[in-house]
Amino acid sequence: MLLYTLKRLVYATPVAFGVSIVCFLLVHLAPGDPLSAILPADATQATIDEMRAAYGFDKPLPVQYLIWLWHVLHGDLGISIATGRPVLGEVSRAVVNSLILASVATVIGFTFGTLFGFVAGYHRNSLADRAASALSVFGVSVPHYWLGMVLVIVFSATLGWLPPTGAGPDGSGNWRPDFDHLRYLILPAVTMSVIPMGIIARTVRALVADILSQDFVEALRAKGMDERGVFRHVVRNAAPTALAIMGLQLGYLLGGSILVETVFAWPGTGFLLNAAIFQRDLPLLQGSILVLAMFFVLLNLLVDVMQTALDPRIERA
Amino acid sequence: MTAPITAASLALDGGVLAAEDAAPEVAFVPSRGFWGHVGHRLVRDPVAMAAGAMILIVVLIALFAPWITPMDPYKGSMLRRLRHVGDATYWLGSDELGRDMISRLMLGSRLSLFIGVTPVLIAFVIGSGIGILAGYVGGWTNTILMRTIDVFFAFPSVLLAIALSGALGAGIFNSIVSLTCVFVPQIARVAESVTTGIRRRDYIDAAKLSGASALTIMRVQVLGNVVGPIFVYATSLISVSMILASGLSFLGLGVRPPEPEWGLMLNTLRTAIYVNPVVAALPGVCIFVVSIAFNLFSDGLRAAMEIRQ
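Okay, here's the thing in structure tokens:
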């Protein structure tokens with residue numbers, strides 16, 4: 560187990576390096592000079608050169624990468640061009656908000672997804688099974704930014720039950736766990752939960768159907784175990800895969816929340832990315848993407864290790 | 004280079020002829036072939052057929068849009084803004100600038116389909132190439148190519164698409180480039196695993212023994228046997244691609260106004276959700292319907308192709 564964890568860690572290192580290279584190169588993909596956004600149009604060549612030197616853009620690319628990586632490894636993601644504040648602070652504040660939203664969405668998606676999946680897996684080809692299939696197709700086919708808009712139209716614009724945008728009544732960027740703030744969380748969380756719900760329902764249905772068709776279930780029933788006991792066995796066998804998928808979905812939601820966060824003006828990483836893109840704040844863009852991608856790499860690692868720990872039958876290379 | 008192939012195919016033909024000679028009294032029934040069987044099964048799948056019909060209708064609308072729109076999709080009217088669905092002149096209402104919704108939705112299908120389907124098509128070609136090369140050659144080539152691909156898998160697709168388009172800047176071309184970059188690794192990974200699965204098969208050895216070059220084997224034997232599964236996988240990506248492409252336009256990173264595109268229309272109509280919510284939601288209905296049609300068709304195709312088992 561320890562050996563596997565170490566192996567997996569060794570394997571993740573080059574991926575993490577690759578991710579850092581991609582994030583670094585993103586800034587250089589951008590058309591024009593990265594500084595053009597902050598320099599006045601009539602800046603003299605001397606000013607431009609001075610700024611280029613100040614930001615380190617005058618050095619060769621590999622050197623720039625190593626300097627950048629050195630700073631990143633010391634927790635310095637640079638300074639936001641638009642606000643002049645350290646990128647790390649901006650990103651961590653946003654990550655906390657996104658994490659709250661993504662976690663709640665994952666929990667909602669997982670709860671209903673497993674529920675539908677179990678019912679469908681137990682009663683195959685029944686009405687519930689068809690409903691679960693429809694739900695999973697709906698979950699992966701619906702443009703979630705549109706679903707968000709529809710929910711706002713129904714629950715805010717028409718019924719007036721829930722607030723349409725923001726994270727709290729004071730308009731602040733900090734979410735607190737009280738009733739007033741909870742009301743702001745419901746619509747974006749439900750919107751985001753639809754994708755993992757569909758995927759988890761589909762997976763759990765297939766898992767449960769497969770487990771129920773195995774010989775050991777028949778053996779358990781033959782020796783007189785009641786359905787509750789059999790159910791416990793089914794859950795234990797389905798849990799590792801279902802939990803692994805839940806973990807990965809959390810990562811996808813965290814990285815893919817930008818569209819939903821934009822619809823609901825939720826002050827998370829998606830919202831930050833949106834601002835970074837349109838203000839051409841490249842250090843902020845680079846920093847947010849690096850943090851999100853690294854989080855995803857870490858989550859993948861955790862999921863793999865946890866899955867192996869939960870299910871000792873999984874022998875991995 | 005062509006001689007060994009001809010020899011090999013002749014030998015194959017010879018074998019078939021010999022088998023027929025052995026049983027001359029059996030009437031010759033032309034085999035449907037693999038794709039024939041797939042088509043036959045697909046036609047009997049009502050859900051897949053309905054989805055296919057839906058896609059066909061949207062494609063036809065997109066092709067003929069400039070000639071069949073009831074009104075000018077670009078001509079606005081300050082007096083007739085945000086008309087409701089069912090209006091005598093504007094059947095599906097009018098948008099925030101008083102332009103006819105149904106005409107804009109019809110014309111919008113062109114760009115939405117184009118920016119959604121093109122990345123998958125390009126990624127299908129590039130990704131299959133990379134995956135087949137990595138899978139067939141193996142060894143270090145495989146390691147280098149597939150580890151590079153792994154790096155792109157470390158990004159959730161939405162994040163990668165937005166990061167690339169955000170860095171490249173807004174525009175149709177850039178959004179197609181970034182979405183292609185999102186799908187190439189996914190298709191390459193599938194292509195690699197399918198190719199690795201068949202590279203030890205007897206017919207590959209036979210082709211090698213007949214003297215065919217690696218390039219020829221990849222083109223004839225490998226491609227012929229892996230293209231089906233890769234294609235099915237690629238069709239399942241079209242739905243995601245449509246949602247993402249329109250999503251980029253929704254964020255302001257794709258198509259620019261005044262061109263009609265469903266994602267962009269959804270964005271500009273966001274301000275109207277209190278005045279005319281039904282009209283504001285219409286472009287999303289179009290994205291949803293097309294996306295679900297592609298998903299169901301792809302599911303049907305996959306089911307129809309599971310003949311071999």
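In order, the protein sequence lines correspond to chains A and B. Positions 560 to 876 (our numbering) are the ones given, in order, by the first sequence. Positions 4 to 312 (our numbering) are the ones given, in order, by the second sequence. Ideal placement from N, C-alpha and C gives every residue a C-beta, glycine not left out.
Range of the contiguous alpha helix (DSSP H) that encloses residue i
i: residue 308(B); result: 280 to 308
i: residue 820(A); result: 817 to 823
i: residue 265(B); result: 265 to 271
i: residue 777(A); result: 774 to 781
i: residue 786(A); result: 786 to 814
i: residue 880(A); result: Residue coverage of chain A in this structure runs from 560 to 876, which leaves residue 880(A) outside it and unanswerable.
i: residue 835(A); result: 828 to 837
i: residue 708(A); result: 703 to 710
i: residue 158(B); result: That residue, residue 158(B), is in no alpha helix (DSSP H); it is neither H nor E in DSSP.
i: residue 95(B); result: No alpha helix (DSSP H) holds residue 95(B); DSSP gives it neither H nor E.
i: residue 49(B); result: 49 to 71
i: residue 718(A); result: No alpha helix (DSSP H) contains residue 718(A), which DSSP labels as neither H nor E.
i: residue 276(B); result: Looking at the DSSP string, residue 276(B) is not in any alpha helix (DSSP H), and its letter there is neither H nor E.
i: residue 259(B); result: Taken as a continuous stretch (DSSP letters only), residue 259(B) belongs to no alpha helix (DSSP H), as it is neither H nor E.
i: residue 85(B); result: Unbroken run through residue 85(B): none, as it is neither H nor E.
i: residue 44(B); result: 36 to 46
Proximity winner among the options, relative to residue i (alpha-carbon distances)
i: residue 238(B); options: 152(B), 51(B), 171(B) and 46(B); result: 51(B)
i: residue 583(A); options: 870(A), 847(A), 854(A) and 863(A); result: 847(A)
i: residue 278(B); options: 84(B), 74(B), 62(B) and 45(B); result: 84(B)
i: residue 719(A); options: 700(A), 742(A) and 698(A); result: 742(A)
i: residue 127(B); options: 244(B), 291(B) and 262(B); result: 244(B)
i: residue 155(B); options: 575(A), 784(A) and 662(A); result: 575(A)
i: residue 702(A); options: 147(B), 142(B), 161(B) and 141(B); result: 161(B)
i: residue 240(B); options: 112(B), 252(B), 78(B) and 120(B); result: 120(B)
i: residue 209(B); options: 56(B), 171(B) and 225(B); result: 225(B)
i: residue 199(B); options: 228(B), 173(B) and 216(B); result: 228(B)
i: residue 273(B); options: 744(A), 783(A) and 712(A); result: 712(A)
i: residue 585(A); options: 270(B), 262(B), 184(B) and 247(B); result: 184(B)
i: residue 204(B); options: 301(B), 220(B) and 182(B); result: 220(B)
Coil, strand or helix - residue i by DSSP
i: residue 638(A); result: strand
i: residue 90(B); result: coil
i: residue 862(A); result: helix
i: residue 205(B); result: helix
i: residue 213(B); result: coil
i: residue 573(A); result: helix
i: residue 645(A); result: strand
i: residue 153(B); result: helix
i: residue 103(B); result: strand
i: residue 173(B); result: coil
i: residue 616(A); result: coil
i: residue 24(B); result: Because residue 24(B) carries a pLDDT of 48, less than 50, the predicted location of this residue cannot be relied on, and the following value inherits that uncertainty. Correct three-state label for residue 24(B): helix.
i: residue 602(A); result: coil
i: residue 141(B); result: coil
Residue-level contact to chain A via CB, residue i, 8 Å cutoff
i: residue 253(B); result: yes
i: residue 99(B); result: no
i: residue 273(B); result: yes
i: residue 190(B); result: no
i: residue 236(B); result: no
i: residue 158(B); result: yes
i: residue 300(B); result: no
Residue-chain proximity (residue i, chain B), Cβ-Cβ < 8 Å
i: residue 711(A); result: yes
i: residue 573(A); result: yes
i: residue 670(A); result: no
i: residue 684(A); result: no
i: residue 833(A); result: yes
i: residue 719(A); result: no
i: residue 566(A); result: no
i: residue 855(A); result: yes
i: residue 704(A); result: yes
i: residue 848(A); result: yes
i: residue 927(A); result: As shown, chain A starts at 560 and ends at 876. That puts residue 927(A) outside it, with no answer to give.
Expected contact under 8 Å - CB spacing of residue i and residue j to nearest Å
i: residue 165(B); j: residue 817(A); result: 6 Å
i: residue 187(B); j: residue 250(B); result: Incorrect: roughly 19 Å between the Cβ atoms, too far for contact.
i: residue 852(A); j: residue 844(A); result: About 12 Å separates the two Cβ atoms, so there is no contact after all.
i: residue 667(A); j: residue 781(A); result: Not confirmed; about 38 Å, so no contact.
i: residue 138(B); j: residue 202(B); result: 6 Å
i: residue 285(B); j: residue 108(B); result: 7 Å
i: residue 754(A); j: residue 814(A); result: The Cβ separation is near 12 Å, so there is no contact.
i: residue 44(B); j: residue 307(B); result: 4 Å
i: residue 694(A); j: residue 746(A); result: Wrong, their Cβ atoms sit about 19 Å apart, outside the cutoff.
The stretch 775 to 789 of chain A: which residues have C-beta closer than 8 Å to a C-beta of chain E, in chain order? The structure shown contains no chain E; its protein chains are A and B.
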